[in-house]
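Below you'll find the structure, written out as structure tokens, and then a few comments.
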Amino acid sequence: MPELPEVEVVRRGLLPLLVDQRVHSVTLMRDKLRFPLPGSMVQELPGLIFSSVSRRSKYLLFCFDRGPVLIWHLGMTGQFHVLDQSTPPGAHEHVRINMENGAALCYRDARRFGYAGLSTPEALTGHKWFAQLGPEPLGGSFSADYLIGRCKGRRVPIKVLLMNAHVVVGVGNIYASEALFRSGIHPGRAAGNISKARITVLVKAVRSVLSEAIDAGGSTISDFVQAGGKPGYFSHQFRVYGREGEPCYQCGRSIRRMVQSGRSTFYCLGCQH
DNA sequence: AAATGAACCTGTTTGC
DNA sequence: TGCAAACAGGTTCATT
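For the first sequence, the numbering used here begins at 27 and goes up steadily by one.
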């Protein structure tokens with residue numbers, strides 16, 4: 027579920043349902059997901075009032091009127107639902123945060139690759155999950171000059187570099203392929219062997235594909251959260267991802283798939299060099 | 001230093 | 001039909 031656009035859409039969907047609501051109780055159905063869950067949230071969160079839900083990279087940040095910040099990563103299959111507290115626990119539900127208004131924030135995650143932690147507002151930027159992260163792709167510091175600098179001298183394939191969160195956050199397996207198609211750059215090309223002009227195009231492509239995805243997914247995921255339980259999904263508009271063997275919309279050649287660093291990459295030999 | 005691959009889990013799809 | 005293999009939107013850790 028969670029690419030940067032989808033995490034952002036989840037954030038926007040949760041925001042109005044949580045802000046100003048007071049936590050009543052927290053239930054943990056298991057000790058750990060990918061990592062041990064912060065058990066102290068059971069004692070620390072009740073009584074606090076949600077003040078905002080923000081995002082850094084693919085992490086959701088639940089902030090309160092005081093006290094800790096709850097950090098949450100959805101992994102591959104994590105989902106948040108806001109449901110009535112009378113709703114019985116769904117399959118693969120692991121955590122429930124009950125609010126005094128009768129609603130509950132429920133976390134489900136079939137593969138349990140998600141993880142959560144507690145921090146403080148002051149310690150957040152230095153937290154080990156955030157300290158090494160690159161810039162936000164939709165922010166001003168992800169510039170052509172920046173990416174040119176990060177590509178220089180690197181022999182790593184550009185697609186693998188794009189997915190490195192130390193370089194830039196939020197570009198997952200889908201959008202790396204899609205941005206490279208939009209840029210006309212072959213995903214296997216060495217990062218250091220791409221002209222400055224083409225890197226400049228790539229920066230714009232990353233921005234455009236992510237912001238278009240946010241726009242396209244917004245209403246769908248918002249409904250999914252508010253409806254409480256219905257599986258939501260993006261109406262996909264992929265040009266290469268998942269289209270192996272199908273004709274390129276641009277040149278008609280067959281879309282190819284290859285594996286880079288264990289992940290599927292989709293591309294068009296006619297359009298990407 | 002840099003790049004690759006395995007590991008963490010379960011569910012779904014594909015292929016014999 | 002049945003079963004096994006391959007594959008899945010992410011990140012970290014160990015190994016070349």
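Each residue gets a CB set at the ideal place from its N, CA and C atoms; glycine is no exception.
Supposed contact pair residue j and residue i - C-beta distance, whole angstroms, cut 8 Å
{"i": "Leu236", "j": "Gly196", "result": "7 Å"}
{"i": "Ile174", "j": "Ile211", "result": "About 13 Å; that fails the 8 Å criterion."}
{"i": "Ser203", "j": "Arg224", "result": "With 8 Å as the limit, Ser203 and Arg224 do not qualify as a contact, their Cβ atoms being about 16 Å apart."}
{"i": "Val52", "j": "Leu71", "result": "5 Å"}
{"i": "Ala242", "j": "Gln276", "result": "Incorrect: roughly 20 Å between the Cβ atoms, too far for contact."}
Within 9 Å, strictly: CB atoms of residue i and residue j
{"i": "Ser167", "j": "Val229", "result": "no"}
{"i": "Leu43", "j": "Val108", "result": "yes"}
{"i": "Pro163", "j": "Thr291", "result": "no"}
{"i": "Leu40", "j": "Phe139", "result": "no"}
{"i": "Pro28", "j": "Lys84", "result": "yes"}
{"i": "Met189", "j": "Arg289", "result": "yes"}
{"i": "Glu126", "j": "His50", "result": "yes"}
{"i": "Pro31", "j": "Ile240", "result": "yes"}
{"i": "Phe207", "j": "Arg279", "result": "no"}
{"i": "Leu87", "j": "Ile75", "result": "no"}
{"i": "Arg38", "j": "Gly73", "result": "no"}
Residue span of the beta strand (DSSP E) that contains residue i, given as start and end
{"i": "Gly132", "result": "Before going on, a small fix: residue 132 reads as Cys here, not Gly. Its beta strand (DSSP E) spans residues Ala129 to Asp135."}
{"i": "Phe61", "result": "Looking at the DSSP string, Phe61 is not in any beta strand (DSSP E), and its letter there is neither H nor E."}
{"i": "Thr103", "result": "Premise fails: Thr103 is in no beta strand (DSSP E) and is neither H nor E."}
{"i": "Leu159", "result": "No beta strand (DSSP E) holds Leu159; DSSP gives it neither H nor E."}
{"i": "Gln69", "result": "Careful: Gln69 lies outside any beta strand (DSSP E), inside the alpha helix (DSSP H) at Met67 to Glu70."}
{"i": "Thr331", "result": "Shown here, the chain extends from 27 to 299; a query on residue 331 therefore has no answer."}
{"i": "Cys89", "result": "Tyr85 to Phe90"}
{"i": "Arg282", "result": "Arg282 to Gln286"}
Where the alpha helix (DSSP H) through residue i begins and ends
{"i": "Cys177", "result": "Ala170 to Cys177"}
{"i": "Glu270", "result": "Neither: Glu270 is in no alpha helix (DSSP H) and is coded neither H nor E."}
{"i": "Arg224", "result": "Lys222 to Ala253"}
{"i": "Ala205", "result": "Asn199 to Ser209"}
{"i": "Gly143", "result": "First-last for Gly143: Tyr141 to Ser145, but that is the beta strand (DSSP E), not the alpha helix (DSSP H)."}
{"i": "Met35", "result": "Here residue 35 turns out to be Val, not Met, going by the sequence shown. Start and end: Leu30 to Leu44."}
{"i": "Ile184", "result": "Ile184 to Leu188"}
Nonlocal neighbours in the same chain, by C-beta distance under 7 Å from residue i, ignoring five residues either side
{"i": "Cys274", "result": "Ile281, Cys294, Gly296 and Cys297"}
{"i": "Arg181", "result": "Ala216 and Gly218"}
{"i": "Leu150", "result": "Val95 and Phe156"}
{"i": "Lys178", "result": "Gly218"}
{"i": "Val227", "result": "Ser209"}
{"i": "Lys222", "result": "Ile174"}
{"i": "Arg60", "result": "Gly101, Arg138, Phe139, Gly140 and Tyr141"}
{"i": "Pro64", "result": "Ala142, Gly143 and Leu144"}
{"i": "Glu270", "result": "Ile281, Arg282, Arg283 and Phe292"}
{"i": "Val186", "result": "Gln286 and Ser287"}
{"i": "Asp91", "result": "Leu74, Ile75 and Ser77"}
{"i": "His299", "result": "Gly210 and His212"}
{"i": "Pro62", "result": "none"}
Inter-residue spacing [alpha-carbon to alpha-carbon] between residue i and residue j
{"i": "Gly160", "j": "Val194", "result": "5 Å"}
{"i": "Val36", "j": "Leu100", "result": "10 Å"}
{"i": "Ala142", "j": "Arg134", "result": "13 Å"}
{"i": "Ala117", "j": "Ala136", "result": "8 Å"}
{"i": "Pro115", "j": "Ile123", "result": "12 Å"}
{"i": "Gly152", "j": "Gln158", "result": "9 Å"}
{"i": "Val285", "j": "Asn199", "result": "11 Å"}
{"i": "Arg81", "j": "Lys154", "result": "16 Å"}
{"i": "Ser66", "j": "Thr113", "result": "25 Å"}
{"i": "Arg176", "j": "Val68", "result": "42 Å"}
{"i": "Glu34", "j": "Ala129", "result": "22 Å"}
{"i": "Thr103", "j": "Lys58", "result": "15 Å"}
{"i": "Glu272", "j": "Glu238", "result": "23 Å"}
{"i": "Tyr172", "j": "Ser234", "result": "17 Å"}
{"i": "Gly165", "j": "Gly93", "result": "28 Å"}
Neighbourhood of residue i by C-beta distance below 8 Å, restricted to the same chain and skipping five residues each side
{"i": "Ser245", "result": "Residue confidence is low: Ser245 scores 36 on pLDDT, short of 50, so the model does not pin down where it sits. Its coordinate-derived value is still stated next. Excluding residues within five positions, none has a Cβ falling inside 8 Å."}
{"i": "Val18", "result": "Residue 18 is absent from the model: the chain starts at 27 and stops at 299."}
{"i": "His192", "result": "Gln158, Leu159 and Gly160"}
Same chain only: Cβ atoms within 6 Å of residue i, ignoring 5 sequence neighbours per side
{"i": "Cys89", "result": "Ser77, Ser78 and Val95"}
{"i": "Val121", "result": "Leu54 and Tyr133"}
{"i": "Tyr259", "result": "Confidence at Tyr259 is low in this model, with a pLDDT of 48, below 50, so the placement of that residue is unreliable and no value is reported for it."}
{"i": "Gln111", "result": "Asn124, Gly128 and Ala130"}
Residue i Cβ short of 8 Å to the ligand ATP heavy atom set
{"i": "Arg134", "result": "No copy of the ligand ATP appears in this structure; indeed no ligand is present at all."}
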